[in-house]
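**Student:** The numbering of the sequence shown is the working numbering, which starts it at 230 and goes up by one. In this text, a Cβ means the ideal position worked out from N, Cα and C, and glycines have one as well.
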Amino acid sequence: MKAMQQRETRLTVTVTTTGRIRKSSAERKEKLKVENTLRRLVGSDESSSQLELVLSAIRYIRELQSQLESDKENDLPDALQDSLQDLFAQCTVGKTATA
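#1: For the alpha helix (DSSP H) holding S299, just list the boundary residues, first then last.
#2: Using CA coordinates, which residue listed in I287, E256, E298 is at the minimum distance from L267?
#3: By Cβ distance below 6 Å, which residues in the same chain neighbour S273 in space, the five residues on each side in sequence not counted?
#4: I believe V263 touches Y289 by the beta-carbon criterion, under 8 Å. Please report the beta-carbon distance rounded to the nearest angstrom.
#5: Rounded to a whole number of angstroms, what is the C-alpha to C-alpha distance between I250 and E302?
#6: To the nearest angstrom, how far is the alpha carbon of R291 from that of E259?
Now the structure itself:
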């Protein structure tokens with residue numbers, strides 16, 4: 230009976246270890262996938278370290294934020310934008326009515 234209990238325990242340990250290995254492998258694959266996607270989006274070299282990759286991502290995000298800010302400065306005033314939308318809507322309605 231003791232031998233059966235030991236055998237069951239060993240089997241359980243083996244299954245648990247295998248499960249951990251699978252989980253670690255899956256996590257590693259997911260990490261590499263995310264890392265490669267980030268490298269592609271940021272334009273980082275394959276040879277760069279994770280730290281360099283993260284720093285590149287931070288620079289890229291700041292650059293995008295700067296572009297958004299400059300785009301906000303170039304936006305039309307709300308009143309003018311509303312007038313243009315109304316004019317565009319009238320032109321579209323006119324084309325639909327004549328078609």
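**Tutor:** Concretely, from the data shown:
#1: 279-302
#2: I287
#3: L282, S285
#4: Not a contact, Cβ separation roughly 15 Å.
#5: 53 Å
#6: 26 Å
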